[in-house]
Structure formats: C-alpha cells, structure tokens
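Engineer: A single structure is presented below for examination.
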Amino acid sequence: MEITTIAVSPENADGLRAVRDERNLRSMDAALEQLLEKAYGETPTAESTN
Numbered sequence: 000m001e002i003t004t005i006a007v008s009p010e011n012a013d014g015l016r017a018v019r020d021e022r023n024l025r026s027m028d029a030a031l032e033q034l035l036e037k038a039y040g041e042t043p044t045a046e047s048t049n
C-alpha cells in the first residue's frame, strides 16, 4: 500500500476550513477527502497524521 502525506499550508487552511464549514463536515480531513475525490474522481485511501 502506498501512503501519501498531504500538508496544507497555513495560507490554504482557511479555504479548507471554509469547505468543511460550508458542507458541515466533521473534520478538515473529511473536507480534504471530498476535494481530492472531486479532483481525481475517486476516494483516496488516507491515513490521518493529526
């Protein structure tokens, strides 16, 4: 299994928070998952490092 780590810079974190809040999601990880799914057309397998 390949593990990819994604870091969100502070400059972009506000946008990710906005997605989380707008979609009433439970976490920043869930918001990132939805954005990646939209961008790549599939749900990525991710391991949270929070």
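Numbered according to numbering that gives the first Met the number 0, the sequence shown spans residues 0 to 49.
We put the beta carbon where it would ideally sit given N, CA and C, even for glycine.
#1: What three-state label does DSSP hand Glu41 in the structure shown?
#2: State buried or exposed for Ala30, treating a residue as buried only when at least 16 other CB atoms are found within 10 Å of its CB.
#3: Alpha carbon to alpha carbon, how far is Pro9 from Arg16? Give it in angstroms, no decimals.
#4: On the DSSP letters alone, give me the boundaries of the alpha helix (DSSP H) that Asn11 sits inside.
Structural biologist: In short, the structure shows the following:
#1: The count along the sequence shown starts at 1 and reaches residue 41 at position 42. When secondary structure is reduced to three states using DSSP, Glu41 falls in the coil class, being assigned neither helix nor strand.
#2: Along the sequence shown, read from residue 1 onward, the residue named residue 30 stands at position 31. When all chains shown are included, Ala30 counts as buried.
#3: Here residue 16 refers to the residue found at position 17 of the sequence shown. Here residue 9 refers to the residue found at position 10 of the sequence shown. Those two C-alpha atoms are separated by around 11 Å.
#4: Within the sequence shown, residue 11 is the residue found at index 12, counting from 1. Segment Pro9 to Glu21, the alpha helix (DSSP H) holding Asn11.
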